[in-house]
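Reviewing the structure listed below.
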Amino acid sequence: MKKKSTFEVVVTHLILILACMAVLYPVLWVVKMALSPSQAFSMSLNPFPTEVTLSNFEHLLFHESGGLFFRQLFNSIVVALATTVIGVLLSCTAAYAFSRFRFPGRTVGLASFLITQMFPGVVMAIPLYILLDNLALLNSLTGLILVYSTTSVPFCVWMLKGYFDTIPRDLEEAAIMDGASQWTIFTKVILPLAKPAIVVTALFSFMTAWNEFILAATFLSDEAMFTLPVVLQRFVGDYSTQWGYFAAGAILVSVPVMLLFFRLQKFLVGGLTAGAVKG
Amino acid sequence: MVIVDSGTAFAQRSGKQGAGEEVNLQIWHAYRGAEEAALRKVTASFIEVNPDISVQLLPLPYEAFANRLTSAIPRGHGPDVFIAAHERAGDWSRSGLIAALGEDEAPWASYHPITVDAVTFEGQRYAVPLAYKSIVLFYNADMLEGPPATTDEMIALGRAHTDVRQGRYGLVYEAANFYMHAPWLFGFGGEIFSEDGSLGLDGPGVVKSFEFADRLVNEERIVPEEATNSLVSHLFNSGNAPMAISGPWFLGELQEGLNFKLAPLPIVSETGLRARPLMTVEAAFVSSQSKHPEAARQFARFLAEHDAAVVRALEGLQPVATLSAYDDPRVGEHPLLGVFRAQLDATVPMPNDPRMRSVWEPATQALGQVLRGAFAADLALKQATRRVEIYNRPPPERQDGRPLAIGIIVVLLLAIGYGAYVFRRDGIWAKMKKTYPAYVYLAPAIIGLGVLVAVPFVVGSAVSLFSYREGEFTYVGLANFIDIILSEEYGLRDPLSFYYTLAVTVIWTAANVFLHVSLGLFFALLLRDPWIKMRGIYRVLLIVPWAIPNYITALIWKGMFHKQFGAINALLVWLGAEPVSWFSQFSTAFAANLATNVWLGFPFMMVVTLGALQAIPSDLEEAASVDGASRWQRFRHVTFPLLKPALIPAVVLGTVWTFNMFNIIYLVSGGEPDGSTEILISEAYKWAFTRQEQYGYAAAYAVLIFFVLLGYSFFTGQLKGTDK
């Protein structure tokens, strides 16, 4: 890349700083409410806390529902990670089939993955409840994981298939020449090249499971099995909400996501294919 | 004794129990904070007295509560006892979820008679009343010497403390919330249902009460506009309002050190009647499916016994229904509980008539129209009455299901036959054999989706052929669809009309997707170049909106759009513009929804684009730039075409999701003004949950949404995938 002028550098940083400020402005209120001792919703114009206390965090971590926080955090992590792994595995293989094979039923299959996303969830909850009941998976994290991973699969398949399509075939042909099997090509050539897309789909699957509470609150019957979003949603009552706790919880819930993204983003940049495809 | 409230200790009881049957009770509730602690304590003492019964408490989010009861109880997974507000007793008894309690199954005379009436439906008693909740007057004792006795005094006091420019108001309450308005409604002699059961919403008392609210807000200006629960606590806490009207839950939001007192609501000067708020009874219901009904009743009764009631009153600050609790001086002379007790005599129990649920939405809309000056009170209330009638019209007639069943079978057979014909004609079997590895790769995903998505999908859409009333599904054929599509009862431009809502939904989706993609692309392109220092930090900061649960951030955005106290108007005023009343007209309310959803949604598109950019070999772009292409030309002719295959899936799915993005609408504009910013999916939710649980009708909406999206992707060719 050629050298950038100072002007360009300054302008770009200025744009980014302004954007970050605009994006983070509403978030300051979440922080303010989390740190303030009252449970009221903050309406003042000043987004900075006037009184600072960690009591909301303390309550959440050690006292809420008899000190189950770490247990529930563990549940959330298990559910989100398992959803990510299962979701990404299922969709990688499926997307590979859609991208590299021309088989009867391909168009219909691809279309039906998209169609599943079109049916609004409002009418799905009760049938899902009945179904999980029949599979004896109610009140279990397994049931939840299965439901979450299948909801995230269609997006992941479409996303990955789109990305696989951009990977040049020459690489595979070269591998075939070297006597590699279909499976070897998939695992040793395609998957490493598709890392950026896999990271995106993994993040997406993780988020699907991480923030969902309606289904979790409908299926789980044991406080020790709750995931964090269910616990958070409990602060929302019919007439009022305990905003201090909710905000503190919202921050606790979003920190792992940001850490995860921070760790994963190196796969989103760095031009992996650029090096692999020459000529 | 074990109180199994963590579930970890599902006590493996050693032989002590003997051969006797193990009795384990499941209790569901939605209590939080002090009320929950009091319930736990009372439960522990129940177990102490009844060592052979174990009790498991399950605290659930309020939002999932009712839905969960209706799905779990009929399938035998429900609780034995649940604690809920009394007003759903009518529905639940008709749907057979709860068991009636006999004359001798609870000491009815020991509870306050108003609360017993509230849990009585069609002559049967359905629950043990635990506590009652109603709103009262809160006042700042440093600012006022005493509470006003009449509304005239209230207005006079209010005027003395109002200074709109300084953001000071005499009285704060959610004037546009029908529940908060109810005290005036009854105080002016109005009624929601009249004696004979007919709807009384357009009666003269109700009209006068609406005019009174209008006077408070727009003439006297002692009550702020667009007052939300947050604004009420903000103004009262900060000493900018000496009086507030709210309920017991408000106590938890008050700042420490605030010198406040409670008082019953004043007498309405015009009529001489007391302002009477709606009163809700929290009661312990026994499930009809309980395996231990006797133990369950025992537990429900125990919660309302004297000792337990005293604990709940003192520690949970609950205004308890048990009369004898007030003989205890700690309860009877309690400064807060005493006021709720005094207010109780001037309350109206929340009607447990199932029609009540369909009153909220139209009545709230009418109140909003009057307060923002769109309609006169009598006209607004006439329209509201008509809406309630529409929501409560009789269900379509039952139809014979056989023709449809036969039709489906015939279509299925034809499809199978045609499939088999094509199969043989094109030699598909041979082709399939050739590409069999594809099916191996696909199998796991197909099986998973087949079971967990397709089955609920078919069941869910089948519901659209039924009408649901009071726990029973009746087959009505295509009646729901015909009704929605013909839209006979309202004009095309009425927000209830399918076509109006469809148009709003389409504009909503297009605007959102366009902004998500452009902002996402813009930032991804900016954040790609390695010469930008701290790219990693910027990237993480920009995905924050995606990471934080949107329930809270959406409401923060709503607060930012407040006419008087919001940050956006403050910015506009600073720039020299006029403040905008965001939620009183369609265009601005829509813009507020849009801004929130764009803020929430662009980080996702940015992440997708960042990933997709990696598929573009950087040498291509460099080559272009060496050839002298401008930045825009490079983007237009090199980057963008290469991004497309990876972006299209995100755009298509983004479209589908935005089309069904329900909670932003619900949380930010709430459909205001007058339901005009609702989209199809939020309409479906309203039919399912606030308009008489018309699940069949809601499912028909869902199926229509499905077909609209299907049509969209069919015509844009998206279903064929992204191949050229």
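Listed in order, the protein sequences are those of chains A and B.
At position 95 of the first sequence (counting the first as 1) the number is 94 in numbering that gives the first Met the number 0, and the numbers step up by one without a gap.
At position 515 of the second sequence (counting the first as 1) the number is 514 in numbering that gives the first Met the number 0, and the numbers step up by one without a gap.
A virtual CB, placed ideally from N, CA and C, is assigned to each residue, including glycine.
Would a check of beta-carbon distances place residue i closer than 8 Å to chain A?
{"i": "residue 233 of chain B", "result": "yes"}
{"i": "residue 236 of chain B", "result": "yes"}
{"i": "residue 207 of chain B", "result": "no"}
{"i": "residue 43 of chain B", "result": "no"}
{"i": "residue 430 of chain B", "result": "yes"}
{"i": "residue 62 of chain B", "result": "yes"}
{"i": "residue 217 of chain B", "result": "no"}
{"i": "residue 5 of chain B", "result": "Low per-residue confidence applies at residue 5 of chain B: pLDDT is 39, beneath 50, and the placement is therefore not dependable, though the value from the model is reported in the following sentence. Yes, residue 5 of chain B lies at the interface with chain A (some Cβ there is under 8 Å from its Cβ)."}
{"i": "residue 193 of chain B", "result": "no"}
{"i": "residue 242 of chain B", "result": "no"}
{"i": "residue 452 of chain B", "result": "yes"}
Out of the options, which one is the CA nearest neighbour of residue i?
{"i": "residue 169 of chain B", "options": "B:539, B:125 and B:219", "result": "B:219"}
{"i": "residue 760 of chain B", "options": "B:661, B:269 and B:616", "result": "With chain B running from 0 to 723 in the structure shown, residue 760 of chain B is simply not present."}
{"i": "residue 36 of chain A", "options": "B:575, B:280 and B:256", "result": "B:256"}
{"i": "residue 120 of chain A", "options": "A:9, A:150, A:238 and A:99", "result": "A:150"}
{"i": "residue 237 of chain A", "options": "B:59, B:265 and B:210", "result": "B:59"}
{"i": "residue 65 of chain A", "options": "B:61, B:694, B:359 and B:36", "result": "B:36"}
{"i": "residue 550 of chain B", "options": "A:4, A:13, A:40 and A:7", "result": "A:40"}
{"i": "residue 233 of chain B", "options": "B:248, B:253 and B:628", "result": "B:253"}
{"i": "residue 374 of chain B", "options": "B:89, B:583, B:497 and B:192", "result": "B:583"}
{"i": "residue 75 of chain A", "options": "A:166, A:138, A:229 and A:135", "result": "A:229"}
{"i": "residue 269 of chain B", "options": "B:183, B:228, B:622 and B:320", "result": "B:183"}
Flag this pair as yes or no: are the beta carbons of residue i and residue j separated by less than 8 Å?
{"i": "residue 26 of chain B", "j": "residue 56 of chain B", "result": "yes"}
{"i": "residue 669 of chain B", "j": "residue 364 of chain B", "result": "no"}
{"i": "residue 41 of chain B", "j": "residue 199 of chain A", "result": "no"}
{"i": "residue 127 of chain B", "j": "residue 312 of chain B", "result": "no"}
{"i": "residue 161 of chain A", "j": "residue 647 of chain B", "result": "yes"}
{"i": "residue 700 of chain B", "j": "residue 686 of chain B", "result": "yes"}
{"i": "residue 135 of chain B", "j": "residue 261 of chain B", "result": "yes"}
{"i": "residue 20 of chain A", "j": "residue 242 of chain A", "result": "no"}
{"i": "residue 206 of chain B", "j": "residue 380 of chain B", "result": "yes"}
{"i": "residue 390 of chain B", "j": "residue 690 of chain B", "result": "yes"}
{"i": "residue 278 of chain B", "j": "residue 346 of chain B", "result": "yes"}
{"i": "residue 42 of chain A", "j": "residue 75 of chain B", "result": "no"}
{"i": "residue 348 of chain B", "j": "residue 113 of chain B", "result": "yes"}
At a Cβ threshold of 8 Å, is residue i touching chain B?
{"i": "residue 191 of chain A", "result": "no"}
{"i": "residue 161 of chain A", "result": "yes"}
{"i": "residue 178 of chain A", "result": "no"}
{"i": "residue 73 of chain A", "result": "no"}
{"i": "residue 101 of chain A", "result": "yes"}
{"i": "residue 126 of chain A", "result": "yes"}
{"i": "residue 222 of chain A", "result": "yes"}
{"i": "residue 195 of chain A", "result": "yes"}
{"i": "residue 56 of chain A", "result": "no"}
{"i": "residue 164 of chain A", "result": "yes"}
{"i": "residue 139 of chain A", "result": "no"}
{"i": "residue 256 of chain A", "result": "yes"}
{"i": "residue 47 of chain A", "result": "no"}
{"i": "residue 149 of chain A", "result": "yes"}
{"i": "residue 184 of chain A", "result": "no"}
{"i": "residue 207 of chain A", "result": "no"}
{"i": "residue 235 of chain A", "result": "yes"}
Contact defined as beta carbons within less than 8 Å: I believe residue i pairs with residue j. What is the distance between those atoms, to the nearest angstrom?
{"i": "residue 514 of chain B", "j": "residue 597 of chain B", "result": "5 Å"}
{"i": "residue 454 of chain B", "j": "residue 130 of chain A", "result": "6 Å"}
{"i": "residue 209 of chain B", "j": "residue 366 of chain B", "result": "7 Å"}
{"i": "residue 478 of chain B", "j": "residue 395 of chain B", "result": "3 Å"}
{"i": "residue 556 of chain B", "j": "residue 651 of chain B", "result": "About 27 Å separates the two Cβ atoms, so there is no contact after all."}
For residue i, decide whether its Cβ has a neighbour in chain D, counting only Cβ atoms nearer than 8 Å.
{"i": "residue 204 of chain A", "result": "The chain inventory of the structure shown lacks chain D, comprising the protein chains A and B."}
Inside the region 163–244 of chain B only - beta strand (DSSP E) runs reaching at least 3 residues: none
Segments of 4+ residues assigned as alpha helix (DSSP H) that fall wholly inside the region 300–335 of chain B: 305–315 and 328–331
Uninterrupted beta strand (DSSP E) stretches inside the region 461–512 of chain B (no shorter than 3 residues): 465–468 and 471–474
Whole beta strand (DSSP E) elements within the region 165–205 of chain A, 3-residue minimum: none
Uninterrupted alpha helix (DSSP H) stretches inside the region 528–570 of chain B (no shorter than 4 residues): 534–541, 543–546 and 549–559
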